[in-house]
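Novice: Take a look at the following structure, please.
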Amino acid sequence: MTIAALYQSGYATGPVDPSSFQRIEVGSQSIGIAVTNPATNITTTITTYDTSKLYLGSNSGTTPIYSPSPTGSGPFVDAKIAEVSGGGTFNMNASGAVNASVKNTTYIDVTDGTANWNSVNAVGFAGDAAGIDSSAFDPRTITASNFTFAGNFTVTLADGSTVQKTVNNLDDLKNYNTWLQQQVAAKNFGSGSAAQNAYNSAFNKAYIVTNYQYTLTPPSIPADDPAMIPAGERIVMRANGANAIAQISSTGGINIGSAGGAMSAIVLKAKNGGTAINDGIINVTGQNVKVFDADSGGHIINNGVESRTNSTNVVDTITGAGTTLENYGTVNMGGTTVNGGWTSKWLEISNNATATNNGAVNIGTTIDGNVSGNPNIINVTTGGAFINAGADGSANGYAGVIYLGREASVNTSSDPVSRGGDDVVHTGYTGIRGASDSTVKNDGQIIIGTGMQNSNAIVATGTNVNVTVGKDGVITDNGNYPVAAGNAPLRNAAIYSNATSGTVNNDGTINLNGANGAGLYTYGGGIASSSGT
């Protein structure tokens with residue numbers, strides 16, 4: 003419920019009725035303006051807010067509260083479809099949907115044998131909010147923020163002169179931002195970091211954020227209410243053990259979402275030497291859903307399609323020594339707009355696990371609204387390794403392709419460079435991020451599409467990193483993000499580094515075909531070198 007609704011229902015008490023609270027949505031700073039320092043002749047791109055993306059939204063805030071109804075039936079708990087052991091085989095050939103209210107279960111659990119999901123089904127579980135902890139009924143303090151326009155204020159220019167400005171409404175704010183952009187272009191805020199800081203400071207003067215505290219007192223419920231049963235672990239298929247295989251066949255498919263809210267579920271789980279294989283099509287629309295998850299020496303093989311059309315902070319995960327993921331199929335991240343701080347990401351590798359890509363990874367998500375930083379499609383952390391592999395020795399004979407800014411595809415048979423739709427316009431993604439004590443190698447292709455800006459093929463950060471582009475590896479920047487006349491796209495970089503130790507080297511080929519592209523970009527004492535082209 004919104005805090006306004008809680009206040010009106012009597013569950014929340016505080017100093018002000020939050021019903022009229024508003025939020026000024028500013029989006030990301032996606033409009034670049036090139037400013038040249040006349041003394042040094044160095045040109046810097048100053049990032050500014052997009053006037054067309056400024057808007058007003060309701061901002062009384064939301065918070066979950068359980069309000070029980072005496073009608074309805076209880077939830078299903080630990081309701082399995084099949085358990086496979088003793089070398090047995092199970093085939094899933096069914097029509098219809100799998101119930102979306104089940105808590106704490108693995109639908110098909112394989113410990114010794116094989117399970118094949120041969121049909122196409124909609125699958126769901128109970129949402130995360132279905133398991134209510136007793137602490138949820140304790141009184142607590144919540145905060146609602148109200149954004150108001152600042153009215154009259156003063157802006158100081160680089161020469162010390164001041165200008166009186168007035169912002170009383172959204173139209174004023176849009177006009178003010180346009181004026182600020184004009185001052186940036188005219189060098190009235192100076193150049194370099196001074197101009198960036200001056201723009202940011204001046205923009206923030208246009209509105210005021212006031213926080214109000216409210217006391218939330220939820221209704222009480224009996225201790226044996228079914229809602230108190232935790233949502234628990236929710237897995238579609240699990241391979242647990244060296245002789246366990248869980249597979250979605252080439253005729254099979256799973257469409258997984260939630261009736262409402264987040265649902266922390268996993269489609270394919272592999273652990274303790276088990277192998278989970280996707281030869282079909284997996285579509286994800288629900289928040290917090292992982293397609294692949296492996297640990298303790300589990301193995302994931304994707305020959306099919308993984309498509310995400312949701313905005314989520316949850317990524318596929320592989321972790322632990324001997325744990326592997328091999329992608330020969332097609333992974334699509336797209337079809338949605340990322341805003342409000344959500345990011346669409348694919349994979350995280352850690353703790354001596356290894357992932358290899360000989361397929362296609364398409365990033366077609368549009369970024370809009372409040373996205374901070376550059377979301378990482380593939381995040382390699384301590385001890386992890388990611389290889390965007392070359393064609394030599396690969397099971398499908400193809401080199402892996404990671405394409406930033408391309409629409410989805412269900413093609414899994416052709417060269418990965420052709421497995422995608424049209425280029426899309428969006429901003430601010432990183433293909434692969436290699437953090438401290440990680441290994442990243444590109445022997446395939448990473449492509450920054452024509453509609454991209456403020457994006458990086460590879461980011462190296464931290465210490466003791468091993469980030470390399472092999473002799474056959476290629477990074478191509480085609481970024482030419484559409485901007486208004488006189489503006490400049492934000493910089494794209496093939497390799498972007500603030501790593502302070504280890505190896506960051508291009509021994510392959512970097513093609514800079516776009517506008518405002520950099521081959522190697524270092525900052526903060528970062529290291530990078532090139533022994534290639």
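For the sequence shown, the positions run 3 to 535 when the working numbering is used.
Think of the CB as a built atom: it goes at the ideal place given N, C-alpha and C, for glycine as much as any other residue.
Bear in mind the structure is a predicted one, so any value in this text is a computation, not a measurement.
1. Determine the contact status of residue 353 and residue 321, defining contact as a CB-CB distance below 7 Å.
2. With 16 other CB atoms within 10 Å as the buried threshold, where does residue 44 fall?
3. Could you tell me the alpha carbon to alpha carbon distance between residue 446 and residue 525, rounded to whole angstroms?
4. Should the region 241-255 be regarded as contacting the region 51-65, the criterion being three or more beta carbon pairs within less than 8 Å?
5. Secondary structure at residue 343, three-state DSSP: helix, strand or coil?
6. Tell me the residue span of the alpha helix (DSSP H) that contains residue 558.
7. Residues bridged to residue 395 by DSSP?
8. Taking the straight line between their C-alpha atoms, what separation do you get for residue 200 and residue 222?
9. Leaving aside the five residues before and after residue 277 along the sequence, list all residues of the same chain whose C-beta is less than 6 Å from its C-beta, in chain order.
10. Could you check the C-alpha separation between residue 479 and residue 138 for me, to the nearest Å?
11. Taking just the CA atoms, how far does residue 442 sit from residue 358?
12. Cutting at 7 Å between CB atoms, please list the residues of its own chain near residue 31, excluding the five before and the five after it.
13. Skipping 5 residues on each side, what residues in its chain have a beta carbon closer than 6 Å to that of residue 257?
14. Who are the near neighbours of residue 581 in its chain, counting only those whose CB is closer than 6 Å to its CB and skipping five residues on each side?
15. Three or more C-beta pairs closer than 8 Å, one from the region 94-111 and one from the region 212-222: is that the case here?
16. Quick one: give me the first and last residue of the alpha helix (DSSP H) that residue 176 is part of.
17. With DSSP run on the structure shown, which of helix, strand or coil describes residue 329?
18. Can you tell which of 523, 449 and 515 has the C-alpha that lies nearest to the C-alpha of residue 461?
19. May I ask which residues mark the beginning and end of the beta strand (DSSP E) holding residue 5?
20. In or out: residue 203 buried (at least 16 other Cβ within 10 Å) or exposed?
21. Are the region 151-162 and the region 288-302 touching by the rule of at least three beta carbon pairs closer than 8 Å?
22. Tell me, to the nearest whole angstrom, how far the beta carbon of residue 34 is from that of residue 15; I am working on the premise that it is less than 8 Å.
23. Given that a residue counts as buried once 16 or more other Cβ atoms are within 10 Å of its Cβ, and exposed if not, what is residue 425?
24. Starting from residue 436, follow the beta strand (DSSP E) in both directions and report where the run begins and ends.
25. Please name the residue, chosen from 471, 376, 437 and 410, that lies closest to residue 430 on a Cα-to-Cα basis.
26. Do you know how far the Cα of residue 449 is from the Cα of residue 507?
27. How would you label residue 170, buried or exposed, when you count the other beta carbons within 10 angstroms and need 16 or more for buried?
28. Taking residue 194 as part of the alpha helix (DSSP H), name the residues at either end of that continuous run.
29. On the criterion of 16 or more Cβ atoms from any shown chain inside 10 Å, does residue 142 qualify as buried, or is it exposed?
30. One question on the structure: do residue 80 and residue 120 come within less than 7 Å of each other, judged by their Cβ atoms?
31. Going by CA-CA distance only, name the one from 37, 85, 20 and 108 that's closest to residue 190.
32. In this structure, how does DSSP classify residue 416 when only helix, strand and coil are distinguished?
33. Would you check if the distance between the CB atom of residue 255 and the CB atom of residue 282 is smaller than 7 Å?
34. With a threshold of 16 other CB atoms inside 10 Å of the CB of residue 347, please say whether the residue is buried or exposed.
35. I'd like to know whether the C-beta atoms of residue 499 and residue 466 end up nearer to each other than 7 Å.
36. Looking at the secondary structure, which residues open and close the beta strand (DSSP E) in which residue 499 lies?
Specialist: Per the coordinate set shown:
1. The residue you call residue 353 lines up with position 351 of the sequence shown. The residue you call residue 321 lines up with position 319 of the sequence shown. Going by C-beta atoms, residue 353 is nearer than 7 Å to residue 321.
2. One-based indexing of the sequence shown puts residue 44 at position 42. Exposed is the call here.
3. On the sequence shown, residue 446 is found 444 positions in, with the first residue counted as 1. On the sequence shown, residue 525 is found 523 positions in, with the first residue counted as 1. Approximately 26 Å between the Cα atoms of the pair.
4. no
5. Position 341 of the sequence shown holds residue 343. The pLDDT assigned to residue 343 is 47, lower than 50, so where the model puts this residue is not dependable; a value taken from the coordinates is nonetheless given after this. Under the three-state reduction of DSSP output, residue 343 falls in the coil class, being neither helix nor strand.
6. Nothing about residue 558 can be reported from this structure: the residues present for the chain run from 3 to 535 only.
7. Here residue 395 refers to the residue found at position 393 of the sequence shown. Beta-bridge pairing links residue 395 to no other residue.
8. As a first step, residue 200 must be located in the sequence shown, where it is residue number 198. As a first step, residue 222 must be located in the sequence shown, where it is residue number 220. Approximately 51 Å between the Cα atoms of the pair.
9. Within the sequence shown, residue 277 is the residue found at index 275, counting from 1. Closer than 6 Å at Cβ, skipping near neighbours: 241, 247 and 301.
10. Residue 479 sits at position 477 when you count from the first residue of the sequence shown. Residue 138 sits at position 136 when you count from the first residue of the sequence shown. Taking the straight line from one Cα to the other gives about 49 Å.
11. In the sequence shown, counting from the first residue as 1, residue 358 sits at position 356. In the sequence shown, counting from the first residue as 1, residue 442 sits at position 440. Taking the straight line from one Cα to the other gives about 10 Å.
12. Translated into positions along the sequence shown, residue 31 becomes position 29. 49, 50 and 51, listed in sequence order.
13. What you label residue 257 is simply residue 255 of the sequence shown in a count that begins at 1. These residues qualify, in order along the chain: 124 and 285.
14. Only positions 3 to 535 of the chain appear in this structure, which leaves residue 581 out of reach.
15. Between the region 94-111 and the region 212-222 there are fewer than three inter-stretch CB-CB distances shorter than 8 Å, so the stretches are not counted as touching.
16. The residue you call residue 176 lines up with position 174 of the sequence shown. Run containing residue 176: 172-187, per the alpha helix (DSSP H) assignment.
17. The sequence position of residue 329 within the sequence shown is 327, counting from 1. DSSP places residue 329 in strand when its eight states are reduced to three.
18. As a position in the sequence shown, residue 461 is number 459, starting the count at 1. Residue 523 is the option with its Cα nearest to residue 461.
19. The count along the sequence shown starts at 1 and reaches residue 5 at position 3. Here residue 5 belongs to no beta strand (DSSP E); instead the alpha helix (DSSP H) covers 5-11.
20. As a working note, residue 203 is residue 201 in the sequence shown. Exposed, since its Cβ has fewer than 16 Cβ neighbours within 10 Å.
21. Because the criterion of three Cβ pairs below 8 Å is not met, the region 151-162 and the region 288-302 do not touch.
22. Along the sequence shown, one-based indexing puts residue 34 at 32. Along the sequence shown, one-based indexing puts residue 15 at 13. Contact doesn't hold; Cβ gap of about 47 Å is too wide.
23. Within the sequence shown, numbered from 1, the residue matching residue 425 stands at position 423. So residue 425 counts as buried.
24. Locating residue 436 in the sequence shown gives position 434, counting from the first residue. Residue 436 -> beta strand (DSSP E) spans 432-436.
25. Residue 430 sits at position 428 when you count from the first residue of the sequence shown. Nearest of 471, 376, 437 and 410 to residue 430, Cα basis: 376.
26. Here residue 507 corresponds to residue number 505 of the sequence shown, with the count starting at 1. Here residue 449 corresponds to residue number 447 of the sequence shown, with the count starting at 1. Taking the straight line joining both Cα atoms gives about 18 Å.
27. For the purposes of this step, residue 170 is taken as the residue at position 168 of the sequence shown. The residue in question, residue 170, is exposed, as its Cβ has fewer than 16 Cβ neighbours within 10 Å.
28. To locate residue 194, count along the sequence shown from 1; it is residue 192. Residue 194 -> alpha helix (DSSP H) spans 194-206.
29. As a working mapping, residue 142 is identified with position 140 in the sequence shown. Result: exposed.
30. Mapped onto the sequence shown, residue 80 falls at position 78. Mapped onto the sequence shown, residue 120 falls at position 118. Not closer than 7 Å, so no.
31. To locate residue 190, count along the sequence shown from 1; it is residue 188. It is 37.
32. For the purposes of this step, residue 416 is identified with residue 414 of the sequence shown, where counting begins at 1. It is coil, neither helix nor strand.
33. As a first step, residue 255 must be located in the sequence shown, where it is residue number 253. As a first step, residue 282 must be located in the sequence shown, where it is residue number 280. Yes. Within cutoff.
34. Mapped onto the sequence shown, residue 347 falls at position 345. Residue 347 should be labelled buried.
35. By one-based count along the sequence shown, residue 499 stands at place 497. By one-based count along the sequence shown, residue 466 stands at place 464. No, these two residues do not count as a Cβ contact at 7 Å.
36. As a first step, residue 499 must be located in the sequence shown, where it is residue number 497. Unbroken beta strand (DSSP E) run through residue 499: 494-499.
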